Amino acid sequence: MKLTLENIELDVNYVRSQFPAFKDPICKDWSFFENAGGSYVPNNVIQKLTQFMTSTKVQPYAEYPMSKMAGKNMDIATELFAEMINAKKNEILIGGSTSINLYVLSNALKKMINPGDEVIVTNQDHEANISPWRRLNEIGATIKEWKFNLENQELEIQDLENLITNKTKILAVTHCSNIVGSVNNLKKICEIAHKKNIIVIGDGVSYAPHGFPDVKELDVDFYTFSLYKTYGPHLALLYGKEEILEKLPNQNHEFLNGQYPYTINPGGPNHEELVSLIGIHEYFANLYNHHFNDTETSTLKKISKINHLISKHEENIANPILEYLYNRDDIKLLGKNKIENKNRAPTIAFTSKKITSEAFSKKLILKNIATRNDNFYAWRCLKALNIDTNDGVVRLSLTHYNSKEDVEKLMDALKNI
Ligand SMILES: Cc1ncc(COP(=O)(O)O)c(C=O)c1O
284 MKLTLENIEL
294 DVNYVRSQFP
304 AFKDPICKDW
314 SFFENAGGSY
324 VPNNVIQKLT
334 QFMTSTKVQP
344 YAEYPMSKMA
354 GKNMDIATEL
364 FAEMINAKKN
374 EILIGGSTSI
384 NLYVLSNALK
394 KMINPGDEVI
404 VTNQDHEANI
414 SPWRRLNEIG
424 ATIKEWKFNL
434 ENQELEIQDL
444 ENLITNKTKI
454 LAVTHCSNIV
464 GSVNNLKKIC
474 EIAHKKNIIV
484 IGDGVSYAPH
494 GFPDVKELDV
504 DFYTFSLYKT
514 YGPHLALLYG
524 KEEILEKLPN
534 QNHEFLNGQY
544 PYTINPGGPN
554 HEELVSLIGI
564 HEYFANLYNH
574 HFNDTETSTL
584 KKISKINHLI
594 SKHEENIANP
604 ILEYLYNRDD
614 IKLLGKNKIE
624 NKNRAPTIAF
634 TSKKITSEAF
644 SKKLILKNIA
654 TRNDNFYAWR
664 CLKALNIDTN
674 DGVVRLSLTH
684 YNSKEDVEKL
694 MDALKNI
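For the sequence shown, the numbering used here assigns the number 284 to the initial residue and increments by one for each residue that follows.
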């Protein structure tokens, strides 16, 4: 049979062989279901980090070779990530975390807000994409909340349309909820918002680990995700459209005026971690070459095909869990009970009607299922659902390196609770 994108399957054994954690004495007996918290890293990332720390751990961009190499690799890392998400290299900022990136961005966007302007936030988002925007009320903005439908936990487009007025300036919305798991139609949301010249800030933290986005296709104004959840070190990427970035104030040293995007953050990135991002690109390039025997040269096209492979695999392993939890009378599953056409991430949150989320999660941990209970900082979402924000939900979050064996182990454990 000829291998096509439709019938080719992700080689999970190959994938797992790239992640040393699966052979590590401390991790190897665990099935890891806490990927929405943070993912394992492939060998390539560790190698790049070690190489930088060993050979080029000097101040970059001087003329001696170690320094030249350090600076060059920092530039390459940024350029590769720009290519992977279809951005220009001067539209990418690497910061310490998504929370930091969004606070810094909201501070920069203050310049565009006048008293009486309106800002829309949701109650489905992680707090990182809510609090910084809510604080714009300190300069006179009116904050409006796009509330999700309590029945199905979805953000309804019609409700957004009812909230938008001629005064709306900013809309902050998640591409994918870290609790409900739903993928929101960010492209459509941007289309609606742009008719009123509203700046859209998309939180891609729960989306990107399941396939890097094409930011130009989404036409989103700003987009951010945490690289420590996309197989890298503890950093986060912020994308911004150049035509907006160039208008933002300089929040860095005075003499750097005009040198966006470096002017958004008061300070530079973590050098060694930035360089290790090359390893993420290498990992995905190797994954592509392992599965597709062709001469494709476009990074974007390769990413799109890999995304397809990953989604298919994630759908196959997550759907039995969703179906099982949905059919259990003593469990309340949040969000859709089936993944179809990437309408949902394999991030599965639920509560038990009989025991606390903490007790439930502890029982899973006793069976070597790495999971946890928490509000995962989406506390407005939990509050709206009347879930105790201290006990939270149990969250099982999968990614492409999870195997059928992991799922069988999880199902056995679930059946005994
Ligand atoms: C959906 C979502 N947005 C934002 C964040 C915040 O990311 P960071 O830890 O990089 O600040 C998280 C972290 O878990 C998240 O899940």
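For glycine and all other residues, C-beta sits at the position ideal for the given N, C-alpha and C. The model shown is predicted, which means the values in this text are computed figures rather than measured ones.
Checklist entry - For Thr582, which residues from the same chain have a beta carbon less than 7 Å from its beta carbon, with the 5 sequence-adjacent residues on both sides left out? => result Locating residue 582 in the sequence shown gives position 299, where the first residue counts as 1. Take Thr582, set aside five residues on each side of it, and the residues of its chain with a beta-carbon closer than 7 Å to its own are Glu366 and Met367, in chain order.
Next on the checklist: I'd like to know if the region 633-641 and the region 673-682 are in contact, where contact means that at least 3 CB-CB pairs between them fall below 8 Å.
Outcome noted: The count of Cβ pairs closer than 8 Å, one atom from the region 633-641 and one from the region 673-682, reaches three, so the stretches are in contact.
Next on the checklist: Less than 8 Å separating the Cβ of Lys408 from some heavy atom of ligand 1?
Outcome noted: As a working note, residue 408 is residue 125 in the sequence shown. The residue you asked about is not Lys; residue 408 is Asp in the sequence shown. The beta carbon of Asp408 sits closer than 8 Å to at least one heavy atom of ligand 1.
Item to check | Expected contact under 8 Å - CB spacing of Phe508 and Val488 to nearest Å | outcome: Reading the sequence shown from its first residue, position 225 is the one you call residue 508. Reading the sequence shown from its first residue, position 205 is the one you call residue 488. Indeed they touch by this definition, with Cβ atoms about 5 Å apart.
Checklist entry - Comparing alpha-carbon positions, which option in Ala319, Glu317, Ile614 and Leu681 lies nearest Lys698? => result The count along the sequence shown starts at 1 and reaches residue 698 at position 415. Residue Ile614 is the option with its Cα nearest to Lys698.
Item to check | Rounded straight-line distance, which links the Cα of Asn626 to that of Tyr490 | outcome: Along the sequence shown, one-based indexing puts residue 490 at 207. Along the sequence shown, one-based indexing puts residue 626 at 343. Rounded to whole angstroms, Tyr490 to Asn626 spans 11 Å at the Cα level.
Item to check | Segments of 4+ residues assigned as alpha helix (DSSP H) that fall wholly inside the region 579-651 | outcome: The region 579-651 contains these whole alpha helix (DSSP H) runs: 582-610 and 640-649.
Checklist entry - Which residue spans inside the region 358-401 form an unbroken beta strand (DSSP E) run of at least 3? => result The region 358-401 contains these whole beta strand (DSSP E) runs: 375-378.
Next on the checklist: Using CA atoms only, rank isn't needed, just tell me which of Gly541, Leu570 and Ala319 is closest to Leu592.
Outcome noted: The count along the sequence shown starts at 1 and reaches residue 592 at position 309. Closest option to Leu592, judged by alpha-carbon separation, among Gly541, Leu570 and Ala319: Leu570.
Next on the checklist: Pairs of beta-carbons, one from the region 410-421 and one from the region 379-395, closer than 8 Å: are there three or more?
Outcome noted: Contact holds: three or more Cβ-Cβ distances are below 8 Å.
Checklist entry - For ligand 1, any of its heavy atoms closer than 8 Å to the Cβ of Asp486? => result For the purposes of this step, residue 486 is taken as the residue at position 203 of the sequence shown. Under cutoff, so the answer is yes.
Next on the checklist: Quick check: Arg655 and Val690, are their CB atoms within less than 9 Å of each other?
Outcome noted: Within the sequence shown, the letter at position 372 stands for residue 655. Within the sequence shown, the letter at position 407 stands for residue 690. No. Outside cutoff.
Checklist entry - Between the C-alpha atoms of Leu438 and Val456, what's the straight-line distance to the nearest angstrom? => result The residue you call residue 438 lines up with position 155 of the sequence shown. The residue you call residue 456 lines up with position 173 of the sequence shown. Going by C-alpha positions, Leu438 is about 10 Å away from Val456.
Item to check | Residue range of the unbroken alpha helix (DSSP H) whose run includes Ala568 | outcome: Reading the sequence shown from its first residue, position 285 is the one you call residue 568. Where Ala568 is concerned, the enclosing alpha helix (DSSP H) starts and stops at His554 to His574.
Item to check | Glu421 - DSSP class collapsed to helix/strand/coil | outcome: Here residue 421 is taken as the residue at index 138 of the sequence shown, counted from 1. Glu421 carries a helical assignment under DSSP once its states are collapsed to helix, strand and coil.
Item to check | Tyr297, enclosing alpha helix (DSSP H) - first and last residue | outcome: In the sequence shown, residue 297 corresponds to position 14, counting from 1. Where Tyr297 is concerned, the enclosing alpha helix (DSSP H) starts and stops at Val295 to Ser300.
Checklist entry - What's the gap between the Cα of Phe316 and the Cα of Tyr323? => result For this step, residue 316 is matched to residue 33 along the sequence shown. For this step, residue 323 is matched to residue 40 along the sequence shown. Phe316 and Tyr323: Cα-Cα distance of roughly 11 Å.
Item to check | Three-state class that DSSP yields for Asn656 in the structure shown | outcome: The residue you call residue 656 lines up with position 373 of the sequence shown. Here Asn656 sits in strand by DSSP.
Item to check | Alpha-carbon to alpha-carbon, Glu292 and Asn406 | outcome: Against the sequence shown, residue 406 aligns to sequence position 123. Against the sequence shown, residue 292 aligns to sequence position 9. Approximately 37 Å between the Cα atoms of the pair.
Item to check | 7 Å Cβ shell around Cys473 - same chain, five flanking residues per side excluded | outcome: In the sequence shown, counting from the first residue as 1, residue 473 sits at position 190. In chain order, Val483, Leu501, Asp502 and Val503 place their CB closer than 7 Å to the CB of Cys473, counting only its own chain and leaving out the 5 sequence neighbours on each side.
Item to check | Assumed close pair Val328, Tyr684 - CB separation to whole angstroms, cut-off 8 Å | outcome: As a first step, residue 328 must be located in the sequence shown, where it is residue number 45. As a first step, residue 684 must be located in the sequence shown, where it is residue number 401. Cβ atoms of Val328 and Tyr684 stay farther apart than 8 Å, at about 13 Å.
Item to check | Minimum length 3: unbroken beta strand (DSSP E) runs contained in the region 447-488 | outcome: Correct list: 451-457 and 482-486.
Checklist entry - Expressed to the nearest angstrom, what Euclidean distance is found between the alpha-carbon atoms of Tyr607 and Asn651? => result For the purposes of this step, residue 607 is taken as the residue at position 324 of the sequence shown. For the purposes of this step, residue 651 is taken as the residue at position 368 of the sequence shown. Going by the C-alpha atoms only, they are around 20 Å apart.
Checklist entry - For Met694, does the count of other Cβ atoms within 10 angstroms reach 16, so buried, or fall short, so exposed? => result The residue labelled residue 694 in the question sits at position 411 within the sequence shown. It counts as exposed.
Checklist entry - If we count Cβ pairs, one from each stretch, closer than 8 Å, do we get three or more for the region 563-580 versus the region 522-537? => result By the criterion of at least three beta-carbon pairs nearer than 8 Å, the region 563-580 is not in contact with the region 522-537.
Item to check | Backbone CA spacing between Lys584 and Pro629 [nearest angstrom] | outcome: In the sequence shown, counting from the first residue as 1, residue 584 sits at position 301. In the sequence shown, counting from the first residue as 1, residue 629 sits at position 346. Lys584 and Pro629 have their alpha carbons spaced roughly 23 Å apart.
Checklist entry - Below 9 Å between beta carbons: does that hold for Leu617 and Gly464? => result Counting from one through the sequence shown, the residue named residue 617 turns up at place 334. Counting from one through the sequence shown, the residue named residue 464 turns up at place 181. Contact flag set, yes.
Checklist entry - CB-CB under 7 Å to Ile589, same chain, minus the five flanking residues each way: which ones, in chain order? => result As a position in the sequence shown, residue 589 is number 306, starting the count at 1. Closer than 7 Å at Cβ, skipping near neighbours: Phe567, Leu570 and Tyr571.
Item to check | Exposure of Met336, with buried meaning 16 or more beta-carbon neighbours within 10 Å | outcome: In the sequence shown, residue 336 corresponds to position 53, counting from 1. Counting other Cβ atoms within 10 Å of its Cβ, Met336 stays below 16 and is therefore classed as exposed.
Checklist entry - Secondary structure at Thr507, three-state DSSP: helix, strand or coil? => result Start at 1 with the first residue of the sequence shown, and residue 507 comes out as number 224. Thr507 sits in a strand when the DSSP states are folded into three classes.
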